[in-house]
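> This structure is in structure tokens; I'll ask about it shortly.
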Amino acid sequence: MNIFRLSGDVCHLVAIIILFLKIWRSKSCAGISGKSQLLFALVFTTRYLDLFTAFISIYNTVMKVVFLVLAYATVSLIYFRFRKSYDSESDSFRVEFLLVPVAGLSFLENYSFTPLEILWTFSIYLESVAILPQLFMITKTGEAESITTHYLFFLGLYRTLYLANWVWRYHEEGFFDQIAVVSGVVQTIFYCDFFYLYFTRVLRGSGKMTLP
Amino acid sequence: QPNFTIKDEL
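First to last, the sequence lines map onto chains E and W. The first sequence begins at 60 in our numbering and counts up by one. The second sequence begins at 453 in our numbering and counts up by one.
Listed below in structure tokens is the structure:
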């Protein structure tokens with residue numbers, strides 16, 4: 060464990076908690092892409108199947124459980140409890156355009172052709188594109204509440220910190236996970252445009268982020 | 453190939 064990975068995990072947890080609390084307290088999921096949250100729940104489900112077969116550490120197990128519980132709790136808020144406020148009109152990204160290529164690639168490019176490994180690879184590839192429905196929804200509505208942009212900021216920051224973690228681990232341990240690194244770079248690139256808008260708009264105190 | 457059996461990252 061290193062400071063980059065730990066702070067990355069903390070940013071990830073903060074992002075998920077920000078979103079959950081925003082929906083819970085405002086009793087509304089307006090502006091939130093339910094599809095992205097479904098994809099994230101799928102990412103955690105396919106990645107954490109080793110929860111019961113491989114014990115890494117207390118921290119690892121606890122964080123996996125917390126991520127899974129919060130992901131499904133957020134999805135249930137969006138699609139059940141506050142479904143009247145769910146804007147399915149604007150959440151129109153065709154997720155099959157993500158799932159099919161990601162599933163195909165995970166069968167082609169993986170470390171070993173076993174169910175657990177293919178599902179893990181699927182979760183890595185899926186995570187790099189899971190935010191696209193949310194980013195698409197923001198471009199469609201042309202705006203995002205500032206709390207939603209803070210959620211996206213921490214979510215983007217978490218994988219950016221993981222890139223630093225991989226540089227560190229390569230330097231310190233010679234550890235290099237090509238699939239995770241390549242996907243992590245792609246994932247972070249998708250946030251670059253958002254980061255630019257976040258720093259130039261939201262942090263300038265304009266509250267809401269409105270797209271040009 | 454990395455030691456991909458142990459997935460120690462979240």
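We put the CB at the ideal spot given by N, CA and C, even for glycine. From a predicted model like this one, the values you see are computed outputs, not experimental measurements.
For Y145 (chain E) and G93 (chain E), which I take to be in contact (beta-carbon distance under 8 Å), what is that distance rounded to the nearest angstrom?
Here the question's residue 145 (chain E) lines up with position 86 in the first sequence. Here the question's residue 93 (chain E) lines up with position 34 in the first sequence. Correct: roughly 6 Å between the Cβ atoms.
> So S135 (chain E) is in the alpha helix (DSSP H); what residue range does that whole segment cover?
Here residue 135 (chain E) refers to the residue found at position 76 of the first sequence. Per DSSP, S135 (chain E) belongs to the alpha helix (DSSP H) from I117 to S135.
> Find the nearest neighbour of H209 (chain E) within the set E:V124, E:F126 and E:F253, judged by alpha-carbon distance.
Against the first sequence, residue 209 (chain E) aligns to sequence position 150. When only C-alpha atoms are compared, the closest one is E:F253.
> Taking the alpha-carbon positions, what's the L235 (chain E) to V261 (chain E) distance?
Within the first sequence, numbered from 1, the residue matching residue 235 (chain E) stands at position 176. Within the first sequence, numbered from 1, the residue matching residue 261 (chain E) stands at position 202. In the sequence under discussion, the amino acid at residue 235 (chain E) is Phe, which differs from the Leu named in the question. Whole-angstrom Cα-Cα distance: 36 Å.
> Is the segment 79-96 of chain E in contact with the segment 180-192 of chain E, if contact means three or more CB pairs nearer than 8 Å?
Output reads yes: the segment 180-192 of chain E touches the segment 79-96 of chain E.
> Which residues does DSSP list as the beta-bridge partners of E202 (chain E)?
On the first sequence, residue 202 (chain E) is found 143 positions in, with the first residue counted as 1. E202 (chain E) is bridged to E:T269.
> Within 10 angstroms of its Cβ, does C70 (chain E) collect 16 or more other Cβ (buried), or is it exposed?
Within the first sequence, residue 70 (chain E) is the residue found at index 11, counting from 1. Classification of C70 (chain E): buried, given that the 10 Å Cβ count is 16 or more.
> Between the segment 197-209 of chain E and the segment 76-84 of chain E, do at least 3 Cβ pairs fall closer than 8 Å?
Cβ pair count under 8 Å is three or more, so yes.
> In whole angstroms, what is the alpha-carbon distance linking R64 (chain E) and Y184 (chain E)?
Within the first sequence, the letter at position 5 stands for residue 64 (chain E). Within the first sequence, the letter at position 125 stands for residue 184 (chain E). Their backbone Cα atoms lie some 19 Å apart in a straight line.
> What number of angstroms, rounded off, separates the C-alpha of L101 (chain E) from the C-alpha of T180 (chain E)?
By one-based count along the first sequence, residue 101 (chain E) stands at place 42. By one-based count along the first sequence, residue 180 (chain E) stands at place 121. Each residue's Cα considered, the two are about 12 Å apart.
> Under a three-way DSSP split, which group does K315 (chain E) fall into?
Since the displayed chain E opens at 60 and closes at 271, residue 315 (chain E) lies outside it and no answer follows.
> Buried or exposed for Q237 (chain E), going by 16 or more other Cβ atoms inside 10 Å?
Along the first sequence, read from residue 1 onward, the residue named residue 237 (chain E) stands at position 178. When all chains shown are included, Q237 (chain E) counts as exposed.
> Do Y217 (chain E) and G67 (chain E) have their beta-carbon atoms positioned less than 8 Å apart in this structure?
Reading the first sequence from its first residue, position 8 is the one you call residue 67 (chain E). Reading the first sequence from its first residue, position 158 is the one you call residue 217 (chain E). For G67 (chain E) and Y217 (chain E), yes; Cβs fall inside 8 Å.
> Here's the rule I'm using: 16 or more other beta-carbon atoms within 10 Å means buried, otherwise exposed. How should L167 (chain E) be labelled?
Taking the first sequence and counting its residues from 1, the one referred to as residue 167 (chain E) is at position 108. When all chains shown are included, L167 (chain E) counts as exposed.
> Could you check if S182 (chain E) is buried or exposed, using at least 16 other CB atoms within 10 Å of its CB as the buried criterion?
Walking along the first sequence from the start, residue 182 (chain E) turns up at place 123. So S182 (chain E) counts as buried.
> Does A132 (chain E) get closer than 8 Å to chain W when you measure Cβ to Cβ?
In the first sequence, residue 132 (chain E) corresponds to position 73, counting from 1. No, because no Cβ of chain W sits closer than 8 Å to the Cβ of A132 (chain E).
> Once DSSP output is grouped into helix, strand and coil, what is the label at P454 (chain W)?
To locate residue 454 (chain W), count along the second sequence from 1; it is residue 2. Confidence at P454 (chain W) is low in this model, with a pLDDT of 48, below 50, so the placement of that residue should be treated as unreliable; the coordinate-derived value is given next. Coil, per DSSP.
> Is the beta carbon of L222 (chain E) sitting closer than 8 Å to the one on V244 (chain E)?
As a working mapping, residue 222 (chain E) is identified with position 163 in the first sequence. As a working mapping, residue 244 (chain E) is identified with position 185 in the first sequence. Cβ distance < 8 Å, so L222 (chain E) and V244 (chain E) count as in contact.
> Return helix, strand or coil for R140 (chain E), following the three-state DSSP convention.
The residue given as residue 140 (chain E) occupies position 81 in the first sequence. R140 (chain E) falls in the helix class under three-state DSSP.
> Would A74 (chain E) pass as a contact of F213 (chain E) if the rule is Cβ separation under 8 Å?
The residue you call residue 74 (chain E) lines up with position 15 of the first sequence. The residue you call residue 213 (chain E) lines up with position 154 of the first sequence. Cβ atoms of A74 (chain E) and F213 (chain E): closer than 8 Å.
> Roughly how many whole angstroms lie between the Cα atoms of F111 (chain E) and V125 (chain E)?
Position 52 of the first sequence holds residue 111 (chain E). Position 66 of the first sequence holds residue 125 (chain E). Near 15 Å, if we compare the C-alpha coordinates of V125 (chain E) and F111 (chain E).
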